[in-house]
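*Asks:* One structure follows; several queries about it will come next.
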Amino acid sequence: MRDDDFPAPERRIRGGRRFDDDEPRFLKRGRPAAAATDHDDASDPGSDENWSSWDEAVHGPSPHPEWLVTELAAKDTELGVLKTGKEADVHLVRRGIPGTDVSCLLAAKRYRDPRHRLFHRDAGYLEGRRVRRSREMRAMTGRTAFGRQMIAGQWAAAEFAALTRLWEIGRRYGTITVPYPVQLRGTELMLEFLGDADEGTAAPRLAELRPAPAELRELWGQLVDALVVLARAGYAHGDLSPYNLLVHAGRLALIDLPQVVDVVVNPQGREFLARDVRIVAHWFTARGLPADLADPMVLTDMLCREAGLA
Numbered sequence: 554m555r556d557d558d559f560p561a562p563e564r565r566i567r568g569g570r571r572f573d574d575d576e577p578r579f580l581k582r583g584r585p586a587a588a589a590t591d592h593d594d595a596s597d598p599g600s601d602e603n604w605s606s607w608d609e610a611v612h613g614p615s616p617h618p619e620w621l622v623t624e625l626a627a628k629d630t631e632l633g634v635l636k637t638g639k640e641a642d643v644h645l646v647r648r649g650i651p652g653t654d655v656s657c658l659l660a661a662k663r664y665r666d667p668r669h670r671l672f673h674r675d676a677g678y679l680e681g682r683r684v685r686r687s688r689e690m691r692a693m694t695g696r697t698a699f700g701r702q703m704i705a706g707q708w709a710a711a712e713f714a715a716l717t718r719l720w721e722i723g724r725r726y727g728t729i730t731v732p733y734p735v736q737l738r739g740t741e742l743m744l745e746f747l748g749d750a751d752e753g754t755a756a757p758r759l760a761e762l763r764p765a766p767a768e769l770r771e772l773w774g775q776l777v778d779a780l781v782v783l784a785r786a787g788y789a790h791g792d793l794s795p796y797n798l799l800v801h802a803g804r805l806a807l808i809d810l811p812q813v814v815d816v817v818v819n820p821q822g823r824e825f826l827a828r829d830v831r832i833v834a835h836w837f838t839a840r841g842l843p844a845d846l847a848d849p850m851v852l853t854d855m856l857c858r859e860a861g862l863a
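The following block contains the structure:
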């Protein structure tokens, strides 16, 4: 990827609003019940099926992928839990049109009820993200139940916005892979399922693999390209590790970006970026990648320049 293939990051003064809450409606709605249709009620009692929530959500970038089912006649069927975490659980959902073979698998990331959520270390991540209403800012600062719900909405909205931008960059340049952000509804984020669609088996995390030397170098090269894209877009992942990198169809895919950091606006932006690099570089060198190819200080300095911090 050449420097002239990707626009330089727009320089912004601290206090800019990349993650402003201009429209808080979706942040406060939670997960509304599925809309009723002429067919019957919103869902069958005791069933794991609901009518598609597509018409109630903010949609991912257009044109939508051909595999995505957007018809309102579709139903969402719960298939189980893919992953549990401290802030959210990821569920496997099949969206399909009843009576046909038209369907797709989705990963539904759902932030937990405020009473059961642990937003650890969130203060540093949220620096630079602001909402316009002082009452809501006070609630977030005081970690009231309402404030924690607002924080959950900010996590979901930030991840959706970052994935949207990065997916569009990846589609154009092929230098970064992220799951397609299907839709955002309250604190639920629907994503492309990366894995074996027939078996419903998720792609392995990088941490689970033991790549041969040639594959290790290839994956490192893909990761560096992805980090350059993030930096040029003004981002640090914020929590990058081998556990939130998937290997799917030979490509390294970044996942779990709710804590994405605006490195220009956030006063700790450089530190978040350096920590991301240090963690992944250690994993690669521990598995045999030559240390001179994965020098954390060299890569961090390069990424800071790409982000306009140097």
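My numbering puts the first residue of the sequence shown at 554, with every later residue one more than the last.
For glycine and all other residues, C-beta sits at the position ideal for the given N, C-alpha and C.
1) Under 8 Å by Cβ, that's how I've got K628 and G652 pegged, so tell me the actual separation to the nearest angstrom.
2) Leaving out five residues before and five after A847 in sequence, what residues of the same chain have Cβ atoms less than 7 Å from its Cβ?
3) Under the DSSP definition of a beta bridge, which residues are partnered with T734?
4) Run through the DSSP bridge pairs and tell me what L798 is partnered with.
5) Would a C-beta distance cut-off of 7 Å place V814 and G787 closer than the cut-off?
6) Taking C-beta to C-beta, are L632 and L645 nearer than 7 Å?
7) Where DSSP assigns a beta bridge to C657, which residues make up the other side?
8) With 16 other CB atoms within 10 Å as the buried threshold, where does Y726 fall?
9) So for G774, helix, strand or coil by DSSP?
10) In chain order, what residues of the same chain lie with their CB nearer than 8 Å to the CB of I729, ignoring the 5 residues before and after it?
11) Would you call the stretch 602-618 and the stretch 736-753 touching, i.e. three or more CB-CB distances under 8 Å?
12) Out of G822, D829 and A844, which has the shortest C-alpha to C-alpha gap to A863?
13) Please state whether DSSP places R663 in a helix, a strand or coil.
14) In this structure, does DSSP put G822 in helix, strand or coil?
15) P766: which of S605, R840 and A860 sits nearest, CA to CA?
16) Below 8 Å on the Cβ atoms is my contact criterion, and I expect L799 with L747 to pass it. Report the Cβ-Cβ distance as a whole number of Å.
17) Count the other CB atoms within 10 Å of the CB of G706; is the residue buried (16 or more) or exposed (fewer)?
18) Going by DSSP in three states, W604 sits in which element: helix, strand or coil?
19) Less than 7 Å between the C-beta atoms of T717 and P614, yes or no?
20) On the three-state DSSP scale, how would you describe A641?
21) Opposite A755 in the DSSP bridges: which residues?
22) Count the other C-beta atoms from every protein chain shown that fall within 10 angstroms of the C-beta of Q812, then say buried if there are 16 or more, exposed otherwise.
23) Nearest to A641 by alpha carbon, out of P734, A756, R785 and A709?
24) Taking its Cβ as the centre, do 16 or more other Cβ atoms sit within 10 Å of R828, making it buried, or is it exposed?
25) Is T754 buried or exposed, if buried means 16 or more other CB atoms sit within 10 Å of its CB?
*Replies:* The structure says:
1) For the purposes of this step, residue 628 is identified with residue 75 of the sequence shown, where counting begins at 1. For the purposes of this step, residue 652 is identified with residue 99 of the sequence shown, where counting begins at 1. Going by Cβ atoms, the distance from K628 to G652 rounds to 10 Å, so no, they are not a contact pair.
2) The residue labelled residue 847 in the question sits at position 294 within the sequence shown. Counting only Cβ-Cβ distances below 7 Å, and skipping sequence neighbours, we find W773, A834, F837 and T838.
3) In the sequence shown, counting from the first residue as 1, residue 734 sits at position 181. Just to set this straight, residue 734 is Pro in the shown sequence, not Thr. The partner list for P734 (beta bridge, DSSP) reads L744.
4) Position 245 of the sequence shown, counted from the first residue, corresponds to residue 798. L807, per the DSSP bridge assignment.
5) As a position in the sequence shown, residue 814 is number 261, starting the count at 1. As a position in the sequence shown, residue 787 is number 234, starting the count at 1. No, Cβ-Cβ distance for V814 and G787 is not below 7 Å.
6) The residue given as residue 632 occupies position 79 in the sequence shown. The residue given as residue 645 occupies position 92 in the sequence shown. For L632 and L645, yes; Cβs fall inside 7 Å.
7) Here the question's residue 657 lines up with position 104 in the sequence shown. According to DSSP, C657 shares a beta bridge with R648.
8) Within the sequence shown, residue 726 is the residue found at index 173, counting from 1. By the neighbour-count rule (16 or more Cβ atoms within 10 Å), Y726 is not buried but exposed.
9) The sequence position of residue 774 within the sequence shown is 221, counting from 1. Helix at G774.
10) Taking the sequence shown and counting its residues from 1, one reaches residue 729 at position 176. Excluding sequence neighbours, I729 sits near L719, I722, G723, D778, A779, V782, L783 and L807.
11) yes
12) Locating residue 863 in the sequence shown gives position 310, where the first residue counts as 1. Closest by alpha carbon: G822.
13) In the sequence shown, counting from the first residue as 1, residue 663 sits at position 110. Three-state result, R663: strand.
14) Stepping through the sequence shown from its first residue, residue 822 is reached at position 269. It is helical.
15) In the sequence shown, counting from the first residue as 1, residue 766 sits at position 213. Answer by Cα proximity: R840.
16) For the purposes of this step, residue 799 is taken as the residue at position 246 of the sequence shown. For the purposes of this step, residue 747 is taken as the residue at position 194 of the sequence shown. Confirmed, Cβ separation roughly 6 Å.
17) If you number the sequence shown from 1, residue 706 lands on position 153. Burial call: buried.
18) Position 51 of the sequence shown holds residue 604. If DSSP states are grouped into helix, strand and coil, W604 belongs with the strands.
19) Reading the sequence shown from its first residue, position 164 is the one you call residue 717. Reading the sequence shown from its first residue, position 61 is the one you call residue 614. Their beta carbons are under 7 Å apart, which means T717 touches P614 by this criterion.
20) Here the question's residue 641 lines up with position 88 in the sequence shown. Strand at A641.
21) Numbered from 1 along the sequence shown, position 202 holds the residue referred to as residue 755. Bridge partners of A755: G748.
22) The residue given as residue 812 occupies position 259 in the sequence shown. So Q812 ends up on the buried side.
23) Taking the sequence shown and counting its residues from 1, the one referred to as residue 641 is at position 88. Considering only alpha carbons, the answer is A709.
24) Reading the sequence shown from its first residue, position 275 is the one you call residue 828. Its Cβ being crowded by 16 or more others within 10 Å, R828 is buried.
25) Position 201 of the sequence shown, counted from the first residue, corresponds to residue 754. So T754 counts as exposed.
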